[in-house]
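Take a look at the structure set out below.
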Amino acid sequence: MTCKKCKWEFCWVCMGPWSEHGTSWYNCARYEEKGETKNMDAQSKSRASLERYLHYYNRFANHEQSMKLEQELHLRTEKKMEEMQEASTLSWIEVQFLSKAVDTLGKCRTVLKWTYAMAFYLAKNNQTQMFEDNQNDLEQAVESLAELLEKPLEDEKIAELRQQTTDKTVYVQRRCEILLQDTLKGYEEERWIWADPIKI
Numbered sequence: 602m603t604c605k606k607c608k609w610e611f612c613w614v615c616m617g618p619w620s621e622h623g624t625s626w627y628n629c630a631r632y633e634e635k636g637e638t639k640n641m642d643a644q645s646k647s648r649a650s651l652e653r654y655l656h657y658y659n660r661f662a663n664h665e666q667s668m669k670l671e672q673e674l675h676l677r678t679e680k681k682m683e684e685m686q687e688a689s690t691l692s693w694i695e696v697q698f699l700s701k702a703v704d705t706l707g708k709c710r711t712v713l714k715w716t717y718a719m720a721f722y723l724a725k726n727n728q729t730q731m732f733e734d735n736q737n738d739l740e741q742a743v744e745s746l747a748e749l750l751e752k753p754l755e756d757e758k759i760a761e762l763r764q765q766t767t768d769k770t771v772y773v774q775r776r777c778e779i780l781l782q783d784t785l786k787g788y789e790e791e792r793w794i795w796a797d798p799i800k801i
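Right, dumping it as structure tokens:
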């Protein structure tokens, strides 16, 4: 993200400088342990456990907060839809792509929010790595769609905005379906290995 006032670029997930992310976008969404837990004393293990919990909780809370902010986005989008109708020949039905995009954003943020809860309980292995890769793909797509929706309306670029938003909405929906289907398939195939076995 970029601050509108000072133009400083930062990651909305970890709030760190964007320059430190290099080419690995959203890698901060994956928790990386800082060393061997076997060689730690009790206090260090406790601190590491708290850091891991806070990592996942903060990302869960970020998506929950974004969902609340998107309620305001819904109102702004309705105004933008009216402006779009006035500035172009598009009908009310033809500007519904914006409303659909905001709805998709909300649904996908709900999915992302709960994937962080699940990731917290998963043991570290290749399956978890693939799960987090799917999660990162969806997160990047969601943020890209959110950025499109926040763009100011330019009369001469309405057709371009409509095409980009529609394409990105479809892509985001597809990434969400892939994540959900793979998660369900993992349950059915008993691929998920839990850090602490879940007893039902």
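Per the numbering used here, the sequence shown starts with residue 602, numbered consecutively.
Backbone N, C-alpha and C fix where the C-beta goes; we use that ideal spot for every residue, glycine too.
Values in this document were obtained by computation on a predicted structure and should not be read as measured data.
Rounded to the nearest angstrom, the gap between the Cα atoms of A649 and E761 is 47 Å. In summary, R775 is exposed, with fewer than 16 beta-carbon neighbours lying within 10 Å of its beta-carbon over all protein chains present. For T603, the secondary structure class from DSSP, reduced to helix, strand or coil, is strand.
Excluding the 5 residues flanking it on each side, L781 has same chain C-beta neighbours closer than 8 Å at V712, in chain order. With a contact defined as Cβ atoms closer than 8 Å, K680 and T770 miss out at about 19 Å.
For A747, the closest alpha carbon among the candidates V773, E610, R653 and D756 is that of V773. By the Cβ criterion, the stretch 732-749 is not in contact with the stretch 681-699, since fewer than three pairs of Cβ atoms, one from each stretch, lie closer than 8 Å. For L785, same chain residues with a beta-carbon under 8 Å away, outside a window of 5 residues either side, do not exist. Around the C-beta of L706, 16 or more other C-beta atoms lie within 10 Å, and the residue is accordingly described as buried.
With a threshold of 16 other beta carbon atoms within 10 Å, S692 falls short and is exposed. In the DSSP assignment, the residues bridged to W795 are L723. Shown here for A724: same chain residues with a beta carbon closer than 8 Å to its own, the five before and five after excluded, namely I794, W795 and A796 in chain order. Under a 10 Å Cβ-count criterion, E733 is classified as buried, with 16 or more other Cβ atoms of the shown protein chains found around its own Cβ. Judged by DSSP in its simplified three-state form, K752 adopts coil rather than helix or strand.
The DSSP-derived three-state label of S689 is coil.
Y717 counts as buried, since no fewer than 16 other beta carbons sit within 10 angstroms of its beta carbon. For M731, the number of other beta carbons within 10 angstroms of its own is below 16, and it is reported as exposed. Taking 8 Å as the cut-off, the Cβ atoms of L750 and V696 do not count as close. Counting C-beta atoms within 10 angstroms of its own C-beta, E790 has fewer than 16 neighbours from the protein chains shown and is therefore classed as exposed.
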